[in-house]
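In our numbering, the protein residues as written are 1333 to 1489.
Positions of the beta carbon are idealized from the N, C-alpha and C atoms, including for glycine.
Encoded structure:
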């Protein structure tokens, strides 16, 4: 797993392998991530990542948020509760040298507190499959002031 484009291009990210404690994590593959960002920035959405604030809910390895940072986002907040996920996010933020552009919130996306800061322009939502958590997480993020009114939400479930 690596960063596809931008300032961190080519950096190999820490991931999990078979039998690891976090083997249940299913990071978005490089190819899917590359296509997603091509669609976002060059397709009909024409998202300008420069200066964007990104919220990465159920962040897993943090690859989506870090790809956004690499391509010009100003800040990313990673939200996850899993010990292995949080370790991977910390490692990957360090690999990219993105500590000053990110923060890691150890919090259940299903129990988000009120947002103490500005709302986010781009939201990645990648909850566990077939658990029905996405709708509720979005509702809580909206009611808690995490998501800007004109934000784009990318939801994979």
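In this structure, residue 1456 keeps its C-beta atom at 7 Å or more from the C-beta atom of residue 1436. Where residue 1416 is concerned, the enclosing alpha helix (DSSP H) starts and stops at 1415-1428. The Cβ-Cβ distance between residue 1474 and residue 1444 does not fall below 7 Å.
Within the same chain, 1442, 1459 come within 7 Å of residue 1465 by CB-CB distance, once the 5 residues on both sides are set aside. By the criterion of a C-beta distance shorter than 7 Å, residue 1334 is surrounded in its chain by 1342, 1343, 1344, 1345, 1362, once the five residues flanking it on both sides are discounted.
Judged by DSSP secondary structure, residue 1388 falls within the beta strand (DSSP E) whose first and last residues are 1385-1389. Of the residues 1413, 1479, 1478, 1469, the one whose Cα lies closest to the Cα of residue 1489 is 1469. The three-state secondary structure of residue 1345, taken from DSSP, is coil. With a cutoff of 7 Å on beta-carbon distance, residue 1347 and residue 1413 are scored as not near each other. DSSP places residue 1361 outside any beta strand (DSSP E), giving it a letter other than H or E.
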